[in-house]
Amino acid sequence: MSEYSVRAEWERLSAVRVHTPGLELWSGSLAPEANLFEDHVPPEQARREHEQLVETLASTHVEVHRLADDLAAGDALDDLTRDVLEDGGVDRVDDVLSTFSPREKLQVVLSRPSLTPETTADGGTDGASMTLDAPISNVYFQRDTTIVGDQGPILCHMSKPIRRREEPIVKRAWEAIGAEPCYEMTGEPLEGGEFMPAGEFALLGVSAEVDGEEHVIRTSYEAGERLMREGAVSYDEFGLVRAPLEADRRLRRDRGLGSRVMHLLGWFNIAAEGLAVLDADLAEAAEVDVYRKDGDVYEHSHATSTLEYVRDEKGFDVIDVADGERWPTNFLAIDDGTVIPLYEPDEEGTYRPEDNPTIEALRDRGVEVLPDGVGIPRAALTNGAGGLHCMTTPIARE
């Protein structure tokens with residue numbers, strides 16, 4: 024087993040990677056739909072909110088890796104920055120490399136600036152115009168580009184072309200810290216927000232099946248089969264969870280909320296050993312194909328509902344999230360029974376129990392909620408279409 028591995032979501036989070044958004048976020052903020060965001064993401068608010076997450080993680084003695092610092096551990100960041108600056112017509116590239124911080128260099132890489140000097144009538148220069156060439160705005164959602172399972176990091180292949188430019192950057196970050204990915208997906212969409220490890224078994228969210236046809240949302244069924252076939256995972260059981268798309272459409276209409284099925288993490292998470300937090304309606308509607316390991320090969324065992332598999336076959340206690348909550352399952356477990364969630368603040372930014380029933384249910388089950396027993400207030404970051412879990416890549420759990 025790799026030192027960069029995760030066996031179960033409730034294991035102590037010893038190291039995690041994050042990226043606090045910077046200049047590259049402006050494109051996604053001003054053109055949200057084109058960048059897969061739900062709404063405008065005010066950049067400075069997002070930065071401050073993300074730093075609160077980082078501070079909370081650091082306060083629990085989790086080793087926090089910033090994407091820029093991991094890239095800077097080798098030559099990767101300077102190489103990437105040089106390529107962008109030279110393509111963008113920037114002079115004195117070596118001076119930039121020697122003076123910019125890792126965070127500033129990464130903002131160059133993600134924003135991809137190009138300079139056009141403004142010329143005067145006598146042939147001189149008078150300032151310069153700068154354009155940003157399709158900035159990579161989604162990088163703060165670090166979860167999506169890597170799955171970290173029991174065999175080590177798996178490099179994902181993003182479903183949407185706009186996000187595929189993140190893949191080589193994240194690959195270089197793993198290489199820079201000396202981590203050898205155990206598998207790199209190509210040709211089939213696979214995203215990290217679909218994966219949930221649970222000790223002897225793991226779940227992977229995959230395509231919906233609608234009228235007998237495969238409907239890929241972010242991860243294909245074939246991608247899940249390939250992980251098993253290529254030895255990228257070795258859990259005793261591996262469940263491919265069909266996205267409950269039709270149930271989600273019905274419930275979305277009835278509840279007046281956004282969809283929860285972009286990724287498995289939109290409606291399912293684990294807070295402690297034996298304690299799952301889920302949308303029971305979606306979990307009951309979502310069929311899981313359970314594969315059991317026989318030697319070096321996975322064989323199909325049976326199909327059942329995700330709710331029955333987790334609750335009845337695996338013996339998990341379950342917390343059914345309330346209909347009116349938007350991000351109740353998108354918390355981050357940092358230890359067995361210790362989580363960092365997002366809470367829904369009132370107009371004054373205050374935590375109110377009646378507005379956060381899932382957090383209250385977690386506390387009733389003895390789960391420690393950080394920080395301050397309530398979590399972090401939801402604000403700008405979730406407008407990008409993801410929660411706290413989406414913003415972190417576990418480097419290792421112990």
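When we follow the numbering used here, the leftmost residue of the sequence shown carries the number 24, and every step to the right adds one.
Cβ coordinates follow ideal geometry from the N, Cα and C atoms, glycine included.
Original post:
Are the Cβ atoms of T327 and V341 separated by less than 8 Å?
Top reply: no
**OP:** Could you check the C-alpha separation between L80 and R166 for me, to the nearest Å?
**Re:** 16 Å
Original post:
Of all the options A225, T139, D110 and E214, which has the alpha carbon lying nearest to the alpha carbon of A151?
Top reply: T139
Subject >> D101, DSSP secondary structure in three states >> reply: helix
Original post:
What residue range is occupied by the uninterrupted alpha helix (DSSP H) comprising M251?
Top reply: Y244 to R252
Original post:
So the alpha helix (DSSP H) A419 belongs to, where does it begin and stop?
Top reply: Unbroken run through A419 is the beta strand (DSSP E), T416 to R420; no alpha helix (DSSP H).
Original post:
Between F123 and the rest of its own chain, which residues show a CB-CB distance below 6 Å, the 5 nearest in sequence each way excluded?
Top reply: none
**OP:** Name the residue from R265, R241, L213 and G210 whose alpha carbon lies nearest to the alpha carbon of G235.
**Re:** R265
Subject >> V113, enclosing beta strand (DSSP E) - first and last residue >> reply: Note, V113: premise wrong, no beta strand (DSSP E); not H, not E.
**OP:** Starting from the N-terminal side, write out each stretch of the alpha helix (DSSP H) that is 4 residues or longer and does not extend beyond the region 233 to 317.
**Re:** 244 to 252, 268 to 278 and 303 to 308
**OP:** Decide if the region 376 to 396 is in contact with the region 357 to 366; the criterion is three or more beta carbon pairs, one per stretch, under 8 Å apart.
**Re:** yes
Original post:
DSSP state of G409, grouped into three classes?
Top reply: coil
Original post:
Are the beta-carbon atoms belonging to L305 and A270 less than 8 Å from one another?
Top reply: yes
**OP:** Decide if H323 is buried, meaning its Cβ has at least 16 other Cβ atoms within 10 Å, or exposed.
**Re:** exposed
**OP:** With a threshold of 16 other CB atoms inside 10 Å of the CB of G191, please say whether the residue is buried or exposed.
**Re:** Checking the displayed sequence, the identity of residue 191 turns out to be Pro instead of Gly. By the 10 Å Cβ count, P191 comes out exposed.
Original post:
In angstroms, rounded to a whole number, what distance separates the CA positions of S25 and H180?
Top reply: 21 Å
Original post:
Whose CA, out of A57, G281 and F261, lies closest to the CA of K337?
Top reply: F261
Original post:
Do the region 198 to 216 and the region 230 to 247 make contact, defined as three or more Cβ pairs closer than 8 Å?
Top reply: yes
Original post:
Looking only at C-alpha atoms, which of D117, D118, L298 and S37 sits nearest to T83?
Top reply: S37
Original post:
Near R71, which residues of its chain fall below 6 Å by C-beta distance, leaving aside the five closest residues on each side in sequence?
Top reply: none
Original post:
Would a C-beta distance cut-off of 8 Å place T169 and V193 closer than the cut-off?
Top reply: yes
Original post:
Under the rule that 16 or more other beta-carbon atoms within 10 Å means buried, what is H325, buried or exposed?
Top reply: exposed
**OP:** Indicate the three-state DSSP secondary structure (helix, strand or coil) for E377 in the structure shown.
**Re:** helix
Original post:
When the Cα of H63 is compared with those of S160, M251, A295 and G147, which residue comes out closest?
Top reply: S160
Original post:
For F218, which residues does DSSP report across the bridge?
Top reply: L227
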